[in-house]
Amino acid sequence: MSAQIWTYLLVGFTFFIYILIAIVARAGSTKEFYVAGGGVNPIANGMATAADWMSAASFLSMAGLIAFMGFSGGQYLMGWTGGYVLLALLLAPYLRKFGKFTVPDFIGERYYSKNARLVALICALFVSFTYVVGQMKGVGVAFARFLNVPFDTGVLIGIGIVFFYAVLGGMKGITYTQVAQFCVLIFAFTVPAIFISLQMTGNPVPQIGFGSKGNDGVFLLEKLNQLSVDLGFDAYTSVNKDNLVNMFFITGALMFGTAGLPHVIVRFFTVPRVKDARISAGWALLFIAILYTTAPAVAVFARTNLINTLSNAKYEDAPSWFKNWEKTGLLTFEDKNNDGKIQYVADANLNELKVDQDIIVLANPEIANLSPWVIGLVVAGGLAAALSTAAGLLLVISTSISHDLLKNYLRPDISEKGELYAARIAIAVAVVAAGLAGLNPPGFVAQVVALAFGLAASSFFPAIILGIFDKRMNREGAISGMIIGILFTASYIIHFKPQLGGTGIPDDFWWGISPEGIGTLGMLINFVVAISVSRLTTKPPKDVQELTESIRTPRGSITPKNSLH
Amino acid sequence: MSKKAQSYWKVNLKYLAILLSIWFLVSFLFGIAFAESLNQFNIAGFPLGFWFAHQGSIYTFVILIFVYVYLMNKLDKKFDVYEN
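Line order of the protein sequences matches chains A and B. Going by our numbering, the first sequence opens with residue 147, and the numbers climb by one from there. Going by our numbering, the second sequence opens with residue -1, and the numbers climb by one from there.
As structure tokens, then:
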């Protein structure tokens, strides 16, 4: 059977399963719609969190990004996993004990302020919307390749599918669908990696394989370093010294941003107990780590294969995958010196080959000549990754609108049924809006994702941490910290992003920190401002201090044994 | 806060300080700041600094969380705040 037929079969089969689960586990109450009834098993929740977290970008783009960055790519690997340590140790257990539905819930009650809730709500909406637009783009790329349709049509098909399944599901349906999607995506990511690792190094474990010797007896990494240097690139594993401060800050911004993203935090409201929230974060990271430790191996395999197959190859002899991807415009060849051969070198004036990092994972099985069913599997996996993340984000958007805005701000008297109805309408509107935004400005979208992490790191992360660990923290401190943190981070990013209309140039970066990393500084500023202001203003009310104490212990408030309680 | 709750919280903070130091050490120091020096050492085919940035820190993160879960479950029982 051809790759095309396998793709249809596998994608069709997995979609059938998702829809089946979404129908069986559909939500009946607001508690089920928002937090899946609060009774999800920690391992299942770990899988769902992992699927929610690993987006189209993790699945499709990350390995490619690393393949072209080498050592510095570690900032994404560490940045997008290290945040879970912060979540498990500093946030998840306490927020679970707090026991409400959303991040604005926590901010609003801990800081006894409707305005604080509103600031949190706007941040949550902005961050989630930015993110979901990126997912729609991922769905578009995967569908475009799979159905051989233009990108726009791919996005439209994606809108249709997500629409059906997110509106129906709610958190309950989404959680159980995500468990299935996790299995599909992790299988789809690791299977080709295992085959390629076997093929290139004889070792079935990619994580070990990419440090092993290749078939010619040379260590794979040494060979890749040599190939890279020969073509004028930096050695793959060598440290880029000029970029170290920036790498430090980017890694930090991604970690603190992860721990401040509303769609990640809300996952820990869905488990029954505080100890489940802790272990659930552990399971989630374990499942995420399977993909995140495989990705750098895939990156090394793909980069080596790419150079070996294409460098100085005759264009007319280029393999069929090369021609297929050329049609999508994501891979281009321009024969500058008219010798009919592909020159792939570091020097931009001589380089003739441009490969979009987004296609590395999708093209990898073809580059390595794997069976057609593996290609179909990868497409199904990419779609699972995009759909699961999109659904999780859409849920946060709809919750923000129906619960935080409508129920807690505009119309507190709304009925449970009315709130559920509003949540479904909000999700439907969000799907369509995100899809339309995904159609238009691809460059713009990629840039604002940096903004999403930066804002999460500089606003939510300090506000939540201080709300738990600093009993003295009050409304004035938290709000001024959040506002100054956000304003600083957003202005820096906008100033230095030409895609956002900024006029700054990289030479003017503060200490060489690029916009992707500035969230770390914004976070530090937030902490300093919040702590200073809180110490100069009045203490928080007594009941809020008691709330802070009570979330610090898993069960009740601590009372001596044999007391009347 | 009662005496007991205070000592529970103190032990928790001690665990956090230790585990987060390790978190910082393997990623920001081994994986970034000292990566170049560590790259002189080669382990199982990997330059060590590169290995920490692309593999080692992630494994450490997973272990850290499970160690914290283990420690806190024990602590919860000791202070009788364990949930059944």
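Note that the Cβ used here is the ideal one computed from N, Cα and C, for glycine as well.
- Between A:L211 and A:P442, the C-beta spacing is not below 8 angstroms.
- Using a Cβ-Cβ cut-off of 8 angstroms, B:F28 does not count as an interface residue toward chain A, since no Cβ of chain A sits closer than that to its own.
- With respect to chain B, the C-beta atom of A:P687 has no partner C-beta closer than 8 angstroms.
- By the C-beta density criterion, A:T683 is exposed, having fewer than 16 other C-beta atoms within 10 angstroms.
- The three-state secondary structure of A:V501, taken from DSSP, is strand.
- For the segment 395 to 478 of chain A, the full-length alpha helix (DSSP H) segments reaching 4 residues or more read 408 to 411, 420 to 456, 466 to 474 along the chain.
- In this structure, DSSP gives A:K177 a helical state, which the three-state scheme calls helix.
- Taking the beta carbon of B:L62 as reference, the chain A residues within 7 angstroms of it are V231, listed in sequence order.
- Between A:A213 and A:A445 a beta carbon distance of about 4 angstroms is seen, short of the 8 angstroms cut, so the two are scored as contacting.
- Annotation: Cβ neighbours of A:S358 in chain B (cutoff 7 angstroms, chain order): G43.
- The secondary-structure analysis by DSSP pairs A:K487 across a beta bridge with A:K460.
- As computed with DSSP, A:K359 is found in a beta bridge with A:F365.
- Collapsing the DSSP output to three states places B:F39 in coil.
- Of all C-beta pairs linking the segment 162 to 181 of chain A to the segment 308 to 328 of chain A, three or more are shorter than 8 angstroms, placing the two stretches in contact.
- Rounded to whole angstroms, the Cβ separation of A:G300 and A:G286 is 4 angstroms, and the two are in contact under 8 angstroms.
- Contacts between A:L431 and chain B, judged by CB atoms closer than 7 angstroms, involve F59, V60, I63 in chain order.
- Between A:F159 and A:F335, the C-beta gap is not smaller than 8 angstroms, which leaves the two residues out of contact.
- For A:L693, the enclosing alpha helix (DSSP H) stretches over residues 688 to 696.
- Only residues of its own chain outside the window of five on either side were considered, and among them T478, F479 have a CB closer than 8 angstroms to the CB of A:E472, listed in chain order.
- By the rule that beta-carbons nearer than 8 angstroms mark a contact, A:R698 touches chain B.
- The beta carbon of A:F642 is closer than 6 angstroms to those of G648, G650, P661 in its chain, skipping five residues each way along the sequence.
- Contact residues of the segment 195 to 221 of chain A toward chain B are I212, G216, F217, S218, G219, G220, Q221 (C-beta to C-beta distance below 9 angstroms).
- Residue A:L523 holds the alpha-carbon nearest to the alpha-carbon of A:I151 among A:G668, A:L523, A:T666, A:P250.
- Identification of chain A residues near B:A15 by a Cβ-Cβ cut-off of 8 angstroms yields none; the smallest Cβ-Cβ distance measures about 10 angstroms.
- Identification of chain A residues near B:V9 by a Cβ-Cβ cut-off of 7 angstroms yields none; the smallest Cβ-Cβ distance measures about 12 angstroms.
- In the assembly as shown, A:R618 is an exposed residue. Its beta-carbon has fewer than 16 other beta-carbons within 10 Å.
- The straight-line gap separating the alpha-carbon atoms of A:A526 and B:L73 is approximately 44 angstroms.
- The beta carbons of A:E562 and A:T248 sit no closer together than 8 angstroms.
- If you check the CB distance, A:A262 and A:I625 come in under 8 angstroms.
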